[in-house]
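Residue numbers (the numbering used here): 20 to 313.
This is the structure we're talking about:
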């Protein structure tokens, strides 16, 4: 009801350097793992959108094509296609064996260093007022002294890609790795020899710790032969086809049984080998009210 007045108020505060970021409201989601979400006030979310609109064109053209997530045209499906293409190149069209190193950054959003993030942003932002606004948004939240950005912010998605762009450059340019794919804080690297994967991992661990103050999740560093199937973004990628990860399929069945909708999962099923079979099975869950998924 007060939209126009509120927008004028935000504009006035920003123009006169009087804008102050408010506190967050906190809630927990479990989909599938427990995540702590911090939601900004509507007033602050409007400012986040303004900042995102200003920064995205600057950084998007600098990001590499191996970086996916939170970029128009670089979503989940394109990442899966890129991973399949990289697997084909790494195995010379599946004629040879290759090893795939899959890694995950431990507590990524909670571990982002405020000083490093701001320095990466201000390399390309030369407006003092915008730089001060970025500093205020970054410092509006922390998990401990000078670290962490909230998962719920629109700006956090952009900040995450700016931060890990440094890892992309290190792997692609310094280590000259051709088959490398990153989606958010998960990434894949294809190696011809198993021992090369261990050498690469040591270099990556050193870079993350020294340059970005990040660590790999010790339980999510996985090395597999490509022919065994590669778990990527809820799917298992195999030589001639791809299927849903069993845990993803089970969770999807439970959700559809409870809420009775298939629409949100059409994209997830697209391109999988058992798409029609899965759709029929899930439709049966919707139709049969007393069916229990265990």
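We put the CB at the ideal spot given by N, CA and C, even for glycine.
query: Measuring CA to CA, which of 216, 235 and 215 is closest to residue 224?
result: The residue from 216, 235 and 215 with its alpha-carbon nearest to that of residue 224 is 235.
message: Which runs of the beta strand (DSSP E) at least 3 residues long sit entirely within the segment 140-180? Give them in chain order.
response: Segments of the beta strand (DSSP E) lying fully in the segment 140-180: there are none.
query: Mind checking residue 21: buried by the 16 CB within 10 Å criterion, or exposed?
result: With fewer than 16 other beta carbons inside 10 angstroms of its own, residue 21 counts as exposed.
query: From residue 238 to residue 123, what distance separates their C-alpha atoms?
result: When rounded, the distance between both Cα atoms is 9 angstroms.
message: Restricting to Cα atoms, I'd like to know which of 208, 43 and 257 is closest to residue 191.
response: Of 208, 43 and 257, the residue nearest in Cα terms is 208.
query: Residues in its own chain within less than 6 angstroms of residue 291 by CB, not counting five upstream and five downstream?
result: Excluding positions up to five away in sequence, the list reads 261, 262 and 263.
- request: Going by CA-CA distance only, name the one from 242, 77, 61 and 38 that's closest to residue 145.
  value: When each option's Cα is compared against that of residue 145, the closest is 77.
- prompt: Since residue 209 is in the beta strand (DSSP E), which residue starts that stretch and which ends it?
  reply: It spans 205-210 - the beta strand (DSSP E) in which residue 209 sits, taken as one unbroken run.
- prompt: Which one of 101, 88, 81 and 131 has the shortest CA to CA distance from residue 142?
  reply: Nearest C-alpha to residue 142: 81.
- prompt: By DSSP, does residue 87 sit in helix, in strand, or in coil?
  reply: Assignment of residue 87 by DSSP, reduced to helix, strand and coil, places it in the strand class.
message: Tell me the residue span of the beta strand (DSSP E) that contains residue 121.
response: 118-123 is the extent of the beta strand (DSSP E) around residue 121.
query: Cβ of residue 67 within 7 angstroms of Cβ of residue 180?
result: No. Outside cutoff.
task: Go ahead and pull the three-state DSSP assignment for residue 38.
output: Three-state result, residue 38: coil.
query: Straight-line CA distance for residue 118 to residue 246?
result: Each residue's Cα considered, the two are about 9 angstroms apart.
query: So residue 196 is in the beta strand (DSSP E); what residue range does that whole segment cover?
result: For residue 196, there is no enclosing beta strand (DSSP E), as DSSP gives it neither H nor E.
task: Could you check the C-alpha separation between residue 151 and residue 90 for me, to the nearest Å?
output: C-alpha separation (whole angstroms): 25 angstroms.
task: Can you check DSSP and say which residues form a bridge with residue 46?
output: The partner list for residue 46 (beta bridge, DSSP) reads 56.
- prompt: What residue from 129, 201 and 113 has the CA that sits closest to residue 162's CA?
  reply: Distance from the Cα of residue 162 is smallest, within the candidate group 129, 201 and 113, for 129.
message: If I follow the unbroken alpha helix (DSSP H) through residue 95, where does it start and stop?
response: Per DSSP, residue 95 belongs to the alpha helix (DSSP H) from 95-109.
message: Quick check: the Cα distance between residue 100 and residue 32, rounded to an integer number of angstroms?
response: Approximately 45 angstroms between the Cα atoms of the pair.
task: Below 7 angstroms CB to CB, which residues in the same chain sit around residue 158 once its five sequence neighbours on both sides are set aside?
output: Closer than 7 angstroms at Cβ, skipping near neighbours: 133.
- prompt: DSSP state of residue 244, grouped into three classes?
  reply: Of the three classes helix, strand and coil, the one that applies to residue 244 here is strand, per DSSP.
- prompt: Between 26, 27 and 40, which lies nearest to residue 154 when the distance is taken from Cα to Cα?
  reply: The shortest CA-to-CA distance from residue 154 to any of 26, 27 and 40 is the one to 40.
- prompt: From this set, 156, 266, 199 and 251, which residue's C-alpha is nearest residue 70's C-alpha?
  reply: Nearest to residue 70 by alpha-carbon distance, out of 156, 266, 199 and 251, is 156.
- request: Count the other C-beta atoms from every protein chain shown that fall within 10 angstroms of the C-beta of residue 167, then say buried if there are 16 or more, exposed otherwise.
  value: Buried is the call here.
- request: Starting from the C-beta of residue 175, find all residues in its chain whose C-beta is less than 7 angstroms away, skip the five residues before and the five after it, and write them out in chain order.
  value: The answer, listed in chain order, is 128, 168 and 169.
- prompt: Run through DSSP, which three-state label would residue 254 get?
  reply: Of the three classes helix, strand and coil, the one that applies to residue 254 here is strand, per DSSP.
- prompt: Where residue 220 and residue 232 are concerned, what is the direct C-alpha to C-alpha distance, given to the nearest angstrom?
  reply: Our two residues, residue 220 and residue 232, have alpha carbons roughly 16 angstroms apart in a direct line.
- prompt: What residue does the beta strand (DSSP E) around residue 262 start on, and which one ends it?
  reply: For residue 262, the uninterrupted beta strand (DSSP E) segment begins and ends at 261-263.
- prompt: With distances taken from CA atoms, which of 228, 249, 42 and 184 is nearest residue 125?
  reply: Of the candidates 228, 249, 42 and 184, the one whose C-alpha sits nearest the C-alpha of residue 125 is 228.
message: If I measure Cβ to Cβ from residue 203 and keep anything under 6 angstroms in the same chain, skipping five residues before and after, which residues do I get?
response: For residue 203, where only same-chain residues beyond five positions count, the Cβ hits under 6 angstroms are 88.
- request: Tell me, to the nearest whole angstrom, how far the beta carbon of residue 58 is from that of residue 44; I am working on the premise that it is less than 8 angstroms.
  value: In this structure residue 58 is in contact with residue 44, their Cβ atoms being roughly 5 angstroms apart against a cut-off of 8 angstroms.
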